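> Position in the sequence shown (first residue = 1) + 273 = this note's numbering. Yeah, the Cβ is synthetic: ideal placement off N, Cα and C, and Gly gets one too. The structure displayed is predicted, hence computed values, not measured ones.
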Amino acid sequence: QLSEEGLFLAKHKQALPELPRAIGVISSPTGAAIHDVLSVLKRRFPLVPIIVYPAQVQGEDAAQSLVKAIQLANRKPLVEVIILCRGGGSLEDLNAFNDEQLARAIFASELPIVCGVGHEVDVTIADFVADVRAPTPSVAAELVVPKQEDYLDYLSALEQQLLKLLQYRLNQHAQTLDHLTKRLVDPRKKLAQDKLQIQSQWRHLVSNCRLQLATNSRALQQLQFHLEKLHPRQRVELNQLQIRTVAHRLEQAMRQQQNQHQSACSALAQQLHTLSPLSTLARGYAIAQDAQGRTLKNADDVEINDKVEVRLSEGRLNCRVEDKVQ
274 QLSEEGLFLA KHKQALPELP RAIGVISSPT GAAIHDVLSV LKRRFPLVPI IVYPAQVQGE
334 DAAQSLVKAI QLANRKPLVE VIILCRGGGS LEDLNAFNDE QLARAIFASE LPIVCGVGHE
394 VDVTIADFVA DVRAPTPSVA AELVVPKQED YLDYLSALEQ QLLKLLQYRL NQHAQTLDHL
454 TKRLVDPRKK LAQDKLQIQS QWRHLVSNCR LQLATNSRAL QQLQFHLEKL HPRQRVELNQ
514 LQIRTVAHRL EQAMRQQQNQ HQSACSALAQ QLHTLSPLST LARGYAIAQD AQGRTLKNAD
574 DVEINDKVEV RLSEGRLNCR VEDKVQ
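Set out below in structure tokens:
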């Protein structure tokens with residue numbers, strides 16, 4: 274059905290920008306694929322900003338999570354290209370990338386999408402709909418940015434071509450001026466002034482070109498400085514410090530609660546000891562029980578000649594009732 278609707282046609286594929294202002298990466302934040310992509314991008318052109326959109330890449334909710342990430346990336350004004358990637362796996366693991374809703378989200382994206390899912394042998398519907406299909410996540414990263422050294426060499430070559438073109442035009446004007454000077458006799462001063470003006474404009478143009486190149490170089494340095502400030506290492510160190518602080522507080526709270534429980538247990542043990550019948554016997558009291566083992570509380574509980582057992586702190590006495598006194 275998707276093929277019949279034209280979602281796979283080459284005429285719908287968008288071209289990738291030569292050097293994107295920012296790159297959006299949609300993948301699992303804990304997978305090996307995101308690590309490979311970020312490593313390649315940083316190696317090839319570290320000054321290009323990277324925005325990671327975490328998403329599930331496996332499971333029942335993975336397709337909807339990927340669709341939301343694509344829609345979110347399209348709302349970012351700086352992002353000019355999206356890398357959709359995950360590592361290899363079984364056909365079931367890659368099932369989310371064969372989802373119809375994900376395919377339609379890729380087709381509807383205003384930003385070009387490079388799909389790098391699994392290994393070269395892994396092919397999904399997302400690969401057919403994407404603007405560019407990469408065999409692996411690392412290759413996808415290589416496709417979206419050039420090498421920084423090559424790009425700087427390209428800018429330097431453009432500068433040299435511009436300077437040569439300006440020199441060629443200047444020589445042409447100089448030759449024309451010399452030719453007119455030979456043909457004219459009176460307006461020599463005017464021609465000399467024109468020549469000086471052309472030379473001044475040439476110097477001004479060269480100066481502006483060099484100034485623009487210096488400005489661009491400073492801008493690249495500032496971007497690199499900002500990227501260093503946003504490096505994940507600083508955030509990881511801050512999170513580790515916060516975790517250690519919380520762990521220390523939790524340990525103190527557990528110790529305090531343990532001490533409170535120990536104090537409460539000690540108090541209960543002391544109370545049980547005080548209320549224990551054995552403790553009462555130890556103070557010189559005795560417990561009288563009838564032949565059935567019932568504790569006697571009143572003289573009316575027994576009759577004359579009944580057997581009574583008297584329990585002491587140390588041992589027992591077998592007695593017989595001879596008299597009762599109320």
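Using CA coordinates, which residue listed in 433, 466 and 356 is at the minimum distance from residue 447?
466
> Roughly how many angstroms lie between the CA atoms of residue 287 and residue 280, to the nearest whole one?
12 Å
> Can you tell me where the beta strand (DSSP E) with residue 590 in it begins and where it stops?
First-last of the beta strand (DSSP E) with residue 590: 589-593.
> Count the other CB atoms within 10 Å of the CB of residue 664; is the residue buried (16 or more) or exposed (fewer)?
Since the first residue of the chain shown is 274 and the last is 599, residue 664 is not available in this structure.
> Look at the alpha carbon of residue 388 and the alpha carbon of residue 358, and state the distance between them as a whole number of angstroms.
If you draw a straight line from the Cα of residue 388 to the Cα of residue 358, it comes to about 6 Å.
> Have a look at residue 405 and residue 500 and give me their C-alpha separation to the nearest angstrom.
Their backbone Cα atoms lie some 27 Å apart in a straight line.
> Would you mind listing the alpha helix (DSSP H) stretches within the stretch 538-594 that are 4+ residues and don't spill past its ends, in chain order?
Unbroken alpha helix (DSSP H) stretches of 4 residues or longer found wholly inside the stretch 538-594: 550-555, given in chain order.
> Kindly provide the ranges of any alpha helix (DSSP H) runs that are 4 or more residues long and lie completely inside the stretch 409-464, ordered along the chain.
410-417 and 421-456
> In chain order, what are the residue ranges of uninterrupted alpha helix (DSSP H) at least 4 long that sit wholly in the stretch 300-339?
305-317
> Under 7 Å, Cβ to Cβ, is there at least one residue of chain D near residue 337?
Checking the listed chains, one finds no chain D in this structure; it contains a single protein chain.
> Compare the Cα-Cα distances from residue 571 to each of 597, 585, 412 and 325 and report the closest residue.
The residue among 597, 585, 412 and 325 with its C-alpha nearest the C-alpha of residue 571 is 597.
> Taking 7 Å as the cut-off, decide whether the C-beta atoms of residue 339 and residue 346 are in contact.
No, the pair does not count as a contact, with Cβ atoms beyond the cut-off.
> Terminal residues of the continuous alpha helix (DSSP H) containing residue 375?
Per DSSP, the continuous alpha helix (DSSP H) segment holding residue 375 begins and ends at 373-381.
> Suppose contacts are defined by Cβ-Cβ distances below 7 Å. Is residue 294 in contact with residue 351 by that definition?
yes
> Is it a yes or a no for the stretch 302-316 touching the stretch 406-417, going by three-plus beta-carbon pairs under 8 Å?
yes
> Tell me the residue span of the alpha helix (DSSP H) that contains residue 402.
398-402
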